[in-house]
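All remarks here apply to the structure that follows.
Numbering (the working numbering), first residue to last: 81 to 147.
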């Protein structure tokens, strides 16, 4: 129940485009903390064809939004 592609985009707004304000606005609209919903099973990372470390990205995004 996590919109992974959206969360990856929000992470990119912060770490690639230096637009934390945009990331915060969109993240707030999502209405949930993805790191709180993720159980860190790693299944999403295992099946990702691009080998994106999704669980790590979700945790980092959650921390970024708290700072």
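Backbone N, C-alpha and C fix where the C-beta goes; we use that ideal spot for every residue, glycine too.
Quick check on residue i: does DSSP put it in helix, strand or coil?
i	result
residue 110	helix
residue 96	coil
residue 140	helix
residue 82	coil
residue 115	helix
residue 147	coil
Span of the alpha helix (DSSP H) holding residue i?
i	result
residue 127	123 to 127
Give a yes or no on whether the C-beta atoms belonging to residue i and residue j are separated by under 8 Å.
i	j	result
residue 83	residue 93	no
residue 138	residue 110	no
residue 141	residue 97	no
residue 145	residue 107	yes
Suppose the cutoff is 6 Å on Cβ atoms and the five residues either side in sequence are ignored; what does the same chain contact list for residue i look like?
i	result
residue 120	135
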